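Our numbering applies: residue 12 is where the sequence shown begins, and numbers increase by one. Glycine included, each C-beta is placed from N, C-alpha and C at the ideal position. Small disclaimer: the values here were computed from a predicted structure and weren't measured. To start, the structure under review is shown below, and the notes come after it.
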Amino acid sequence: MKRLSRSKGFLSRFATQGLDRVLFSDEKLFTVEDASNRLNERILSTCTAVIPEKYRFVKRIQKRLSVMVWAGISSVGRTPLVFVPSGVKINAATYKELILEPLVKDLGKTMFENSLFVFQQDDAPAHTAKSTQEWLGANIPHLITKVEWPPSSPDLNPWISLFGQFWSQEPARSLMRISNH
Numbered sequence: 012m013k014r015l016s017r018s019k020g021f022l023s024r025f026a027t028q029g030l031d032r033v034l035f036s037d038e039k040l041f042t043v044e045d046a047s048n049r050l051n052e053r054i055l056s057t058c059t060a061v062i063p064e065k066y067r068f069v070k071r072i073q074k075r076l077s078v079m080v081w082a083g084i085s086s087v088g089r090t091p092l093v094f095v096p097s098g099v100k101i102n103a104a105t106y107k108e109l110i111l112e113p114l115v116k117d118l119g120k121t122m123f124e125n126s127l128f129v130f131q132q133d134d135a136p137a138h139t140a141k142s143t144q145e146w147l148g149a150n151i152p153h154l155i156t157k158v159e160w161p162p163s164s165p166d167l168n169p170w171i172s173l174f175g176q177f178w179s180q181e182p183a184r185s186l187m188r189i190s191n192h
């Protein structure tokens, strides 16, 4: 019920003004190495000597190589990509430090040419934290608040499908394509 009522509220809010000034944002963890599955990666042989040395042992990766990327998109363009440093966990403090203060705060002046915009973010813990909400209230005049955004609604954010399209093609090259667009 919550999703339905919030979706209706979202639609009525933007029915007249449209989505032209909405900046949709999201972050995505891209994993560039597949997990090894020893059960599916086998060579059957009656003699170990005929198996090339490089195939006898499967390299086991403890922690797969990945990168967290934040981005925003609107009808006027996209934000620069923010690559979160390896090992940094996004919480309210790092979200403000790496994304909100250096980038989002000035988008009205830069990306939207001194006009107002509406900032959207999902309901990730770093986004809904009290300190984040207070910062947004003080610095971003128009935003889609956590009580307005319908829960479990990735279909309302165009970034979700764009990230998926890029990533489904070829992971390593996808990061290059995303950063070049």
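| query | result |
| --- | --- |
| Beta-carbon gap between residue 129 and residue 114 smaller than 8 angstroms | no |
| Exposure label - residue 192; buried when at least 16 CB within 10 Å | Confidence is the limiting factor: at residue 192 the pLDDT is only 46, short of 50, which leaves the residue's position unreliable, though a coordinate-based value still follows. The residue is exposed, with fewer than 16 neighbouring Cβ atoms inside 10 Å. |
| Residue 22 classed as buried or exposed, judged by whether at least 16 other C-beta atoms fall within 10 angstroms | exposed |
| Whole-number beta carbon distance between residue 131 and residue 25, since they are thought to touch under 8 angstroms | Rounded, the Cβ-Cβ distance is 10 angstroms, inconsistent with contact. |
| Which residues DSSP lists as bridging residue 38, in chain order | 81 |
| Where residue 189 falls: helix, strand or coil (DSSP) | With a pLDDT of only 48 at residue 189, under the threshold of 50, the placement of this residue in the model should not be trusted; the figure read from the coordinates follows. Correct three-state label for residue 189: helix. |
| Same chain, Cβ closer than 6 angstroms to residue 18, five either side skipped, listed in chain order | 161 |
| 7 angstroms Cβ shell around residue 87 - same chain, five flanking residues per side excluded | 122 and 123 |
| Validate contact between the segment 58 to 65 and the segment 90 to 104 using beta carbons, cut 8 angstroms, 3 pairs | no |
| Where residue 130 sits in the DSSP three-state scheme | strand |
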